[in-house]
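Asker: Okay, so the sequence shown: first residue is 77 according to the numbering used here, each after it adds one.
Input: one structure, supplied below.
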Amino acid sequence: MQRHVLYLGEINDSQQAAWISAIEVFDDGDRTTKQVALFPEHRQAPELDCDAIRIRMSEMRLCRPRQWGACWLSCSLWDRLHLDEFWNSRLEPSRKGTSWLHVLKTLVSYQLIDPGSEWRLHRQWYDRSAWGIFLDAMPGFLKTTPCIGAW
């Protein structure tokens with residue numbers, strides 16, 4: 077599931093109402109979520125049923141972004157070539173539930189996008205990219221998948 081978490085600009089009143097109901101934060105202290113409203117620092121927040129958080133837009137920065145475009149392009153190319161159909165009958169899941177089709181798709185895409193060792197794939201790339209989203213896999217599926225050989 078995807079949803080916008082921040083618009084870089086002004087929003088109107090109806091959009092503001094939607095935002096207020098959509099934004100939740102996790103409170104580490106009591107392990108619960110609560111609703112909050114985000115507002116630019118220079119703008120006065122209206123009276124709300126939830127806390128308002130002021131954001132200094134001039135001090136925002138993007139840290140550790142996950143790679144998205146290359147993963148999307150790799151999946152699109154894989155789909156255009158109908159490789160799922162080709163490999164599906166040839167790579168049946170193991171008795172333990174390993175999806176060899178997902179393993180193959182991951183290894184091929186990794187070599188095209190960011191060639192490196194399988195160790196790096198397992199330990200770094202999978203967590204730092206958006207690859208799990210494209211596979212609809214549970215987080216960490218590669219960490220429980222056996223290595224199938226060096227490239």
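C-beta: ideal position from N, C-alpha, C; glycine also.
Computed from a prediction, not measured in an experiment: that's the story for all the values here.
Taking Leu124 as part of the alpha helix (DSSP H), name the residues at either end of that continuous run.
Answerer: From DSSP, Leu124 is part of no alpha helix (DSSP H); its letter is neither H nor E.
Asker: Based on the DSSP secondary-structure assignment, which residues constitute the bridge partners of Val101?
Answerer: According to DSSP, which records beta bridges pairwise, Val101 is partnered with Lys110.
Asker: What did DSSP end up calling Ser150 once you bin it into helix, strand or coil?
Answerer: Helix, per DSSP.
Asker: Rounded to whole angstroms, what is the Cα-Cα separation between Tyr186 and Asp89?
Answerer: Straight-line Cα distance between these residues: approximately 44 Å.
Asker: Please go through the same chain and pick out, in chain order, the residues whose beta-carbon is closer than 8 Å to the beta-carbon of Thr109, but skip the five residues on each side of it.
Answerer: Around Thr109: Glu100, Val101, Phe102, Asp103.
Asker: Based on the DSSP secondary-structure assignment, which residues constitute the bridge partners of Gln143?
Answerer: Ser205, per the DSSP bridge assignment.
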